[in-house]
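Working notes, structure below.
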Amino acid sequence: MSPATQASGGQEPPMAAGVALARMRRQVRLGRWGVWVALACGPLALAAAAMPSPDASAAAAPAPSSSTVRTPAATDPSGYAELYLAAWLRSTGSDENSAQARLAQALAPSVALPRPEGAQPVLERAVAVRSAQRERGQWSVTVAAQYADFSVRYFAVPVVAGSDGGSFAVTGAPGQVAGPTPAKTPESAYGVSLPTKGVLAATVGEFLRAYLTGLGQVDRYLAPGVQLAALSGTSYTDLQVEQATAVEEAASAGTVPADGTRVRVQVQVTAHDKSGAWPMTYELTLTARAGRWEVSAFATASVTGGGSRS
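Residues in the sequence shown are numbered from 1 upward in steps of one, following UniProt numbering.
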């Protein structure tokens with residue numbers, strides 16, 4: 001209790017009581033105004049109250065998971081089918097303890113082994129040539145079996161792939177089937193013949209001769225910024241251009257066109273070494289610059305940019 005209160009016998013002094021009464025009246029007036037404002041803006045206030053604040057929405061939204069579960073892509077079991085067919089063809093049910101028989105049984109325990117009689121052609125290798133995926137991870141892989149007597153047989157191997165993309169199982173014995181039929185060769189885009197004594201044909205022949213035989217400078221035929229990896233382990237002594245064709249009509253001109261003109265050329269050559277003659281085909285892109293043709297792309301070799309040559 002304050003000294004002033006004690007002096008008045010526990011009663012507030014008149015001035016303090018007046019201040020408290022004025023404060024109470026002001027609070028009552030503010031309260032009445034607040035009620036009228038709430039009544040006037042009731043629907044708006046109600047709607048505003050119903051709308052969540054941005055902070056509340058952010059807090060209520062679940063945080064994204066740090067780990068996303070991804071379904072593994074279907075893996076082609078061609079290699080598995082190759083391995084199994086080779087072991088299966090080289091095994092025999094009369095000797096289940098052989099290495100090939102054990103391998104075949106490990107890859108497909110429920111599949112019976114063959115029982116060959118008499119002399120059989122020796123299997124050289126097995127190569128998958130076609131694979132088709134069916135529903136629920138089931139595959140049919142066509143594998144070519146090449147024998148030492150140059151004969152070829154085709155087998156369809158049924159394989160099921162696990163959901164993890166890394167497990168396989170052969171579900172049945174291989175069945176001999178017909179091999180793939182040759183596809184129709186599309187019409188070549190290289191329909192423009194190059195003059196045999198033209199500048200472009202001469203450039204292409206000289207470039208390939210230097211590249212295959214190692215005689216001469218390959219860089220002098222390359223466009224600026226183009227680098228070509230050198231061949232290794234080759235012993236070609238000569239090269240002959242059999243045919244050269246192009247896509248663009250500009251390649252048939254007897255002279256070099258304007259700078260920046262690009263042509264795509266296909267060249268069929270015969271390379272000679274001590275063991276004989278070897279037909280080869282190359283695809284090149286050449287660009288005209290300063291009155292000469294330069295090789296700017298070499299489709300059948302390792303070409304990288306970034307170098308410099310004047």
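The beta carbon of each residue, even a glycine, is placed where N, CA and C say it ideally should be.
Assignment of beta-bridge partners to Gln-120 by DSSP yields no partner. Thr-237 has its alpha-carbon roughly 56 Å from the corresponding atom of Arg-136. Excluding sequence positions up to five before and after Glu-283, its CB lies within less than 6 Å of the CB of Gln-266, Ala-299, all in the same chain and listed in chain order. When DSSP assignments are scanned along the region 225 to 296, the uninterrupted stretches of beta strand (DSSP E) that are 3 or more residues long and fall wholly within it turn out to be 226 to 228, 238 to 246, 262 to 273, 276 to 289. Cβ contact annotation for Gly-93 (same chain, cutoff 8 Å, sequence separation greater than five): Ala-101, Ala-112, Leu-113, Pro-114, Arg-115, in chain order.
Counting only residues of its own chain and dropping the five nearest sequence neighbours on each side, Asp-76 has a CB closer than 7 Å to the CB of Ser-131. The C-alpha of Tyr-80 lies about 43 Å from the C-alpha of Arg-209. Contact between Tyr-211 and Leu-231 holds, with the beta-carbon distance rounding to 7 Å and staying under 8 Å. As DSSP reads the structure, Gln-176 sits in a beta bridge with Phe-155. Comparing C-alpha distances from Thr-285 to each of Glu-82, Gln-120, Glu-248 shows the shortest one belongs to Glu-248.
At a Cβ-Cβ threshold of 8 Å, Val-269 and Glu-242 count as neighbours.
Under the three-state reduction of DSSP output, Ser-98 falls in the coil class, being neither helix nor strand. According to DSSP, residue pairing for Thr-142 in a beta bridge involves Arg-130, Ala-156.
Taking Ser-188 as reference, the option from Ala-271, Thr-245, Arg-292 with the minimal CA-CA separation is Thr-245. In the DSSP annotation of this structure, the continuous segment of the alpha helix (DSSP H) that includes Val-199 starts and ends at 199 to 213. Beyond the five residues adjoining it in sequence on each side, Ala-277 comes within less than 8 Å, by CB distance, of Thr-270, Ala-271 in the same chain, given in chain order. Straight-line spacing of the CA atoms in Ala-87 and Ala-229 works out to 40 Å. Distance from the CA atom of Ala-161 to the CA atom of Ala-104, rounded to whole angstroms, is 17 Å. Under DSSP, no beta-bridge partner is assigned to Leu-85.
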